[in-house]
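Notes to accompany the following structure.
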Amino acid sequence: MASPPASTSDPTPNTPPKKRKRKDKTHVLFQSTFKRPQWIYLSLELVTASTSNPPAPPPSSKPPLPSPYTPLAPAQPESLDPLTISTLLSQPLSSYLGLTGTAIPIDILHAEGARVWIRVPRGDARGLRAGLSGWNGWCDGDLLPGGGDGGGGEEGRRKRVAWRVRGEGEVLGMLVDEGDGGRGVFGG
1 MASPPASTSD PTPNTPPKKR KRKDKTHVLF QSTFKRPQWI YLSLELVTAS TSNPPAPPPS
61 SKPPLPSPYT PLAPAQPESL DPLTISTLLS QPLSSYLGLT GTAIPIDILH AEGARVWIRV
121 PRGDARGLRA GLSGWNGWCD GDLLPGGGDG GGGEEGRRKR VAWRVRGEGE VLGMLVDEGD
181 GGRGVFGG
């Protein structure tokens, strides 16, 4: 007779137990994690009615000839000053968020013409953006670069202004890198 087939389930006494071997931990010299930055950087532009859509001059009008007796107009600022920027930023925030909006800390980093770069805390950026986007206000024309002159009007006349958010980022370098590597903001 034939012998019964050998079973494959017979444990052999020579097999080692199947346990996972613990690997040695590697030694980490330095470890860092990129977290969400604390600040948000915004690039803003103050637009007036004259900068958003300048009026076309009438076809029959000629520019006035300079006269030696014409008084000189007062010099207009080349850029917005920080006090004007702060005032024009606090108006939309107070109208949108009330007293909470005026308490948002805003760091004015640089102003060039009507463009402004600011820094705000991350948690306040959404409220600031919403407050600026729906606001239209008034500003004295003498405080604006170029006088806010839209092709006519007397000096010192109040001009309608609004803020436009041109860019937003967690890193300032991403906003200012328009071919100059940030030299415009940092003066380098």
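By the count of full-length UniProt numbering, the sequence shown reaches residue 188 at its end, each step adding exactly one.
Positions of the beta carbon are idealized from the N, C-alpha and C atoms, including for glycine.
Keep in mind it's a predicted model, so treat the numbers as computed, not measured.
| Item | Value |
| --- | --- |
| Range of the contiguous alpha helix (DSSP H) that encloses ARG129 | 122-133 |
| Outcome for SER91 when other beta-carbon atoms lying within 10 angstroms are tallied against a minimum of 16 | Strictly speaking, residue 91 in this sequence is Gln, with Ser absent from that position. Result: buried. |
| Nearest-angstrom Cα separation, counted from GLN31 out to ALA49 | 52 Å |
| Beta carbon proximity, LYS159 to chain D, threshold 8 Å | Of the chains in the structure shown, none is chain D; there is only one protein chain. |
| Backbone CA spacing between ALA130 and ASP124 [nearest angstrom] | 10 Å |
| Neighbourhood of VAL116 by C-beta, 6 Å cutoff - its chain only, sequence neighbours within 5 removed | LEU44, ILE85 |
| Cβ pair ALA114, LEU46 closer than 8 Å | yes |
| Outcome for LYS18 when other beta-carbon atoms lying within 10 angstroms are tallied against a minimum of 16 | exposed |
| Residue from LEU93, PRO105, LEU80 whose Cα sits closest to the Cα of LEU143 | LEU80 |
| Terminal residues of the alpha helix (DSSP H) in which ILE85 lies | 82-97 |
| Segment limits, beta strand (DSSP E) that includes GLU112 | 107-112 |
| Euclidean distance between Cα positions of ALA162 and TRP135 | 6 Å |
| Simplified DSSP assignment, three categories, for ALA103 | coil |
| Nearest neighbour of TRP138, chosen from ARG157, ASP107, GLY146, ARG122 [CA to CA] | ARG157 |
| Rounded Cβ spacing between ILE104 and ILE118 (contact assumed at less than 8 Å) | ILE104 to ILE118, Cβ: 10 Å. No contact. |
| Simplified DSSP state of LEU143, which is helix, strand or coil | helix |
| Cβ-based burial, GLY101 [other Cβ within 10 Å; buried from 16] | buried |
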